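Notes follow the structure.
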Amino acid sequence: MDLRLENIGHSYGDMEVMQGMDLEIPAGKIVCIVGPSGCGKSTLLRLIGGLEQPTTGRVLQIGEPPVESLNPLTFVFQDFALLPWRTVEGNISLVLEDHGIRGKQADAIISGVLARTKLTEFRKALPKQLSGGMKQRVAISRALAVNPAVMLMDEPLSALDSQTRELLMDDLVSLWTREPFTAVYVTHNLHEAVRLGHFIVVLSRRPGRIREVVAVDKPLAERELGDVDLEQTQKYLWNLMREEALAADKELINV
Amino acid sequence: MSDSVQAKQTKSVAFRGGGFSPIHIKWVGLSVFVTLILVLEAGTRSGFISNLTMPRPSDVGWTFVELWTSGLLWKHVLPSVSRLLVGATLGASLGIGVGILIGLFSYIRAGLVPLISAIFPVPKIALLPLFVIWFGIDETSKYALIAFGTFTPTVVSTFGAVDNVDRSLIRMGQSFSLSWFSIVTKIVLPGAMPGILSGLRVSLAIAIILLVAAEMLGAEYGIGAYILQAGSLYDLERLFAGVVILSVMGVTVSAVIGFFEKRLLGWRS
Ligand SMILES: Nc1ncnc2c1ncn2[C@@H]1O[C@H](COP(=O)(O)OP(=O)(O)O)[C@@H](O)[C@H]1O
Ligand SMILES: [Mg+2]
């Protein structure tokens, strides 16, 4: 299933957050969205995921999601959004219960996704016992449990320290390599973008518009920390963003 | 700067952190009680505190023994406990129900919150005559008074607790297409539980106050009636015995809620 954004624009009251966005999200690819803070990245993701309605334009699904997909558009949030009163297992079964998946069938799915995210021993743990990185892995396994057609990830690694972030990026790359998934990955971190993105969409400051879409052709599994060509891409992206970021910063002061 | 290092004084950096985080300390509460009672006992025995102003704690103790042996203790305590149970259960469960509805539905909120604010500050004791007219002089009017008094604070704390549930968790539920019912039962209610339970601490203390008030205005047995009789005879020993029973009830209620908090809210960090 592909997604297509057609002329998406959105306003909160008088404030125009974004305008005229056209974008293709092809199946099996990770599309990273970068841009200065406040340019509407999170809003765009909520629009794509149907949590909010765009003021203009529309988001189209092209083709049917796979039949085994329980929740085609699935979010991974920056703050993990785990229920603190449920164990790791309970947090995953939460999203299966409404589909009538319980007992043995649920057990099998939960064991599968926990194995994929290397969390098997923590099945009975409560969120308060887990580190930030592990909480986000739980949230990723919860997303995987519903077989998403597209994963919508809003700065999923931003709340984590940089070492944990590297480790989780490796995890995401190996998850994708074993079984390619489609994702829209919002970040303000250009390093994450060049590590994980097949396409990197650079947004302008508010009102957000697409400035450029940069394709990174190198296969995910071959990208490494300190790759020269990746660093060049990152530098190129930074030059694109620099003035926008500066201007966005000033704007906040003037408000 | 470095050449004079040896000449300079060295001392460790003064500690100025710590505090502001309640920790559980055992026995201190109990020893405050014990000390207070010992001081009173010593004071009344030595004559420093006149017997007219304060009863001797040991005399209050003897009153208890009398109450116990005559069987009057249970005759007074049991009706009170059952009034409290019925009234508070009614009021608290209705209050939690209405509070949740207010928290969930904007129309119900718009309609009921002004009404609740209007009746909250009315001293419910003032309405006892009204309840007597509506429900008769017997138990029902006492249940109604206690229930009504428990209801309003419970409603207010419950809808506050629902309002305070982390919106990002609700958004998460919606993003996984959970049904409205699942979101309410699996996210909103457990998330509101801490606020509901701490609200109950207040409402149930109010219930005990109203219990005594109801029993003072027309009851043969019950702690309120017992205290009223003692008070009208200026029998301080019996008055204090009654007060001690009330305090024990308050501590028990608080312990029961503490038990539920431990059981239900162990997930809090
Ligand atoms: N629910 C909302 N109501 C009003 N304004 C909002 C809302 N959500 C976001 N905004 C505003 O829209 C702009 C874009 O926000 P957001 O999408 O969160 O930006 P980003 O994720 O790129 O930092 C910000 O200026 C923010 O204040
Ligand atoms: Mg954001």
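Protein chains in written order, with the working numbering: chain E, 1 to 255; chain X, 256 to 524. Using N, Cα and C, we set each Cβ at its ideal position, and we do this for glycine too. Model, not experiment: these values are computed from the prediction.
Review point. Excluding sequence positions up to five away, which residues of its chain have a Cβ less than 7 Å from the Cβ of residue 165 of chain E?
Key: Here residue 165 of chain E refers to the residue found at position 165 when the first sequence is read from its first residue. Excluding residues within five positions, the ones whose Cβ falls inside 7 Å are 157.
Review point. In chain E, what lies closer than 8 Å to residue 276 of chain X by C-beta?
Key: Looking up residue 276 of chain X in the second sequence gives position 21. By Cβ distance, chain E contributes nothing, its closest Cβ being about 16 Å from residue 276 of chain X, past 8 Å.
Review point. Which bits of chain E does residue 515 of chain X rub up against, with CB to CB less than 9 Å?
Key: Residue mapping note: residue 515 of chain X aligns to position 260 of the second sequence, counting from 1. Residues of chain E passing the Cβ test: none, with the nearest at roughly 14 Å.
Practice item. Give the range of the alpha helix (DSSP H) segment to which residue 199 of chain E is assigned. Key: Taking the first residue of the first sequence as position 1, residue 199 of chain E is located at position 199. That residue, residue 199 of chain E, is in no alpha helix (DSSP H); its beta strand (DSSP E) goes 199 to 203.
Exercise for review: Could you name the residues of the stretch 78 to 94 of chain E whose beta carbon sits closer than 7 Å to any beta carbon of chain X, in the order they occur along the chain?
Suggested key: Those residues of the stretch 78 to 94 of chain E that come within reach of chain X (Cβ to Cβ, closer than 7 Å) are 79, 81, 83, 84, 85 and 94.
Check your understanding: Exposed or buried, what is residue 19 of chain E when buried is set at 16 or more other beta-carbons lying within 10 Å of its beta-carbon?
Key -> Here residue 19 of chain E refers to the residue found at position 19 of the first sequence. Looking at its Cβ environment, which holds 16 or more other Cβ atoms inside 10 Å, residue 19 of chain E is buried.
**Study point:** Contacts of residue 126 of chain E in chain X (Cβ-Cβ under 7 Å)
**Key:** What you label residue 126 of chain E is simply residue 126 of the first sequence in a count that begins at 1. Neighbours of residue 126 of chain E on chain X, chain order: 522.
Point to revise | For residue 11 of chain E, the first and last residue of its enclosing beta strand (DSSP E) | key: For the purposes of this step, residue 11 of chain E is identified with residue 11 of the first sequence, where counting begins at 1. From DSSP, the beta strand (DSSP E) with residue 11 of chain E extends over 2 to 12.
Exercise for review: Scan the stretch 422 to 436 of chain X for residues whose Cβ lies nearer than 7 Å to a Cβ of chain E and list them as they occur along the chain.
Suggested key: Going along the stretch 422 to 436 of chain X in chain order, one finds 423, 424, 426, 427, 429, 430, 431, 432, 433 and 434 with a Cβ nearer than 7 Å to chain E.
Check your understanding: So which of X/448, X/270, X/405 and X/496 has the shortest CA-CA distance to residue 346 of chain X?
Key -> Numbered from its first residue, the second sequence carries residue 346 of chain X at position 91. With distances taken between Cα atoms, residue 346 of chain X lies closest to X/405.
Check your understanding: By a C-beta neighbour count over all protein chains shown, 10 Å radius and 16 as the cutoff for buried, is residue 142 of chain E buried or exposed?
Key -> Reading the first sequence from its first residue, position 142 is the one you call residue 142 of chain E. Per the 10 Å Cβ criterion, buried.
Practice item. Quick one: which residues of the stretch 438 to 449 of chain X get their C-beta closer than 9 Å to a C-beta of chain E? List them in chain order. Key: 441, 442, 445, 446 and 448
Review point. Taking a cut of 7 Å between CB atoms, which residues from the stretch 45 to 63 of chain E lie near chain X?
Key: Taking a C-beta cut-off of 7 Å against chain X, the contacting residues of the stretch 45 to 63 of chain E are 49 and 51, listed in chain order.
Check your understanding: If we ignore side chains and look at the alpha-carbon of each, how far apart do residue 179 of chain E and residue 344 of chain X end up?
Key -> One-based indexing of the first sequence puts residue 179 of chain E at position 179. One-based indexing of the second sequence puts residue 344 of chain X at position 89. The straight-line gap from Cα to Cα measures roughly 55 Å.
Exercise for review: May I ask whether a heavy atom of ligand 2 can be found less than 7 Å away from the beta carbon of residue 155 of chain E?
Suggested key: Start at 1 with the first residue of the first sequence, and residue 155 of chain E comes out as number 155. Residue 155 of chain E Cβ: within cutoff of ligand 2.
Practice item. Tell me the start and end of each unbroken beta strand (DSSP E) in the stretch 130 to 157 of chain E that is at least 3 residues and wholly inside, in chain order. Key: 150 to 154
Practice item. Hey, could you find the ends of the beta strand (DSSP E) residue 73 of chain E is sitting in? Key: What you label residue 73 of chain E is simply residue 73 of the first sequence in a count that begins at 1. Residue 73 of chain E -> beta strand (DSSP E) spans 73 to 76.
Point to revise | Selection of the stretch 143 to 158 of chain E by Cβ proximity to chain X, strictly under 7 Å | key: 146
Review point. Is the beta carbon of residue 41 of chain E within less than 7 Å of some heavy atom of ligand 1?
Key: Looking up residue 41 of chain E in the first sequence gives position 41. Flag set: Cβ of residue 41 of chain E near ligand 1.
**Study point:** Whole-angstrom distance between residue 401 of chain X and residue 472 of chain X, CA atom to CA atom
**Key:** On the second sequence, position 217 is the one that residue 472 of chain X refers to. On the second sequence, position 146 is the one that residue 401 of chain X refers to. Between residue 472 of chain X and residue 401 of chain X, the C-alpha separation is close to 13 Å.
Review point. Would you call the CB atoms of residue 414 of chain X and residue 358 of chain X closer than 8 Å?
Key: Here residue 414 of chain X refers to the residue found at position 159 of the second sequence. Here residue 358 of chain X refers to the residue found at position 103 of the second sequence. The answer is yes: Cβ separation under 8 Å.
Practice item. Report the residue ranges of all alpha helix (DSSP H) runs contained in full by the stretch 166 to 218 of chain E; include only those spanning at least 4 residues, in chain order. Key: Counting only runs of 4 or more, we get 190 to 196.
Check your understanding: Any C-beta of chain X sitting closer than 8 Å to the C-beta of residue 74 of chain E?
Key -> One-based indexing of the first sequence puts residue 74 of chain E at position 74. Residue 74 of chain E counts as touching chain X.
Exercise for review: Please determine, among E/134, E/172, E/147 and E/151, the residue with the shortest C-alpha to C-alpha distance to residue 161 of chain E.
Suggested key: Within the first sequence, numbered from 1, the residue matching residue 161 of chain E stands at position 161. Among E/134, E/172, E/147 and E/151, the Cα nearest to that of residue 161 of chain E belongs to E/134.
Check your understanding: For residue 521 of chain X, which of helix, strand or coil comes out of DSSP?
Key -> Within the second sequence, numbered from 1, the residue matching residue 521 of chain X stands at position 266. Here residue 521 of chain X sits in coil by DSSP.
Review point. Grouping DSSP H, G and I as helix and E and B as strand, with all else coil, what is residue 53 of chain E?
Key: Reading the first sequence from its first residue, position 53 is the one you call residue 53 of chain E. Coil at residue 53 of chain E, not helix or strand.
Check your understanding: Based on the DSSP output, what are the partners of residue 25 of chain E in its beta bridges?
Key -> Taking the first residue of the first sequence as position 1, residue 25 of chain E is located at position 25. Per DSSP, E/3.
**Study point:** Status (buried if at least 16 other CB within 10 Å, exposed otherwise) for residue 10 of chain E
**Key:** Here the question's residue 10 of chain E lines up with position 10 in the first sequence. When all chains shown are included, residue 10 of chain E counts as buried.
Practice item. Consult DSSP for residue 60 of chain E and reduce its assignment to one of helix, strand or coil. Key: Position 60 of the first sequence, counted from the start, is the residue given in the question as residue 60 of chain E. If DSSP states are grouped into helix, strand and coil, residue 60 of chain E belongs with the strands.
Exercise for review: Count the other C-beta atoms from every protein chain shown that fall within 10 angstroms of the C-beta of residue 91 of chain E, then say buried if there are 16 or more, exposed otherwise.
Suggested key: Along the first sequence, read from residue 1 onward, the residue named residue 91 of chain E stands at position 91. Residue 91 of chain E comes out buried.
Practice item. Return the CA-CA distance between residue 388 of chain X and residue 324 of chain X, expressed in angstroms with no decimal places. Key: For the purposes of this step, residue 388 of chain X is taken as the residue at position 133 of the second sequence. For the purposes of this step, residue 324 of chain X is taken as the residue at position 69 of the second sequence. Going from the Cα of residue 388 of chain X to the Cα of residue 324 of chain X covers about 38 Å.
Review point. For residue 206 of chain E, is the beta carbon positioned less than 7 Å from some heavy atom of ligand 1?
Key: Mapped onto the first sequence, residue 206 of chain E falls at position 206. Checking every heavy atom of ligand 1 against the Cβ of residue 206 of chain E, one is found closer than 7 Å.
Check your understanding: Going straight from the alpha carbon of residue 301 of chain X to that of residue 294 of chain X, what length do you get?
Key -> Position 46 of the second sequence holds residue 301 of chain X. Position 39 of the second sequence holds residue 294 of chain X. Their backbone Cα atoms lie some 11 Å apart in a straight line.
Practice item. Spell out whether any CB of chain C is found under 8 Å from the CB atom of residue 115 of chain E. Key: Among the protein chains in the structure shown, which are E and X, there is no chain C.
Check your understanding: Among X/425, X/381, X/395 and X/457, which has the Cα closest to the Cα of residue 95 of chain E?
Key -> Looking up residue 95 of chain E in the first sequence gives position 95. Looking at the Cα atoms, X/425 is the closest of the given residues.
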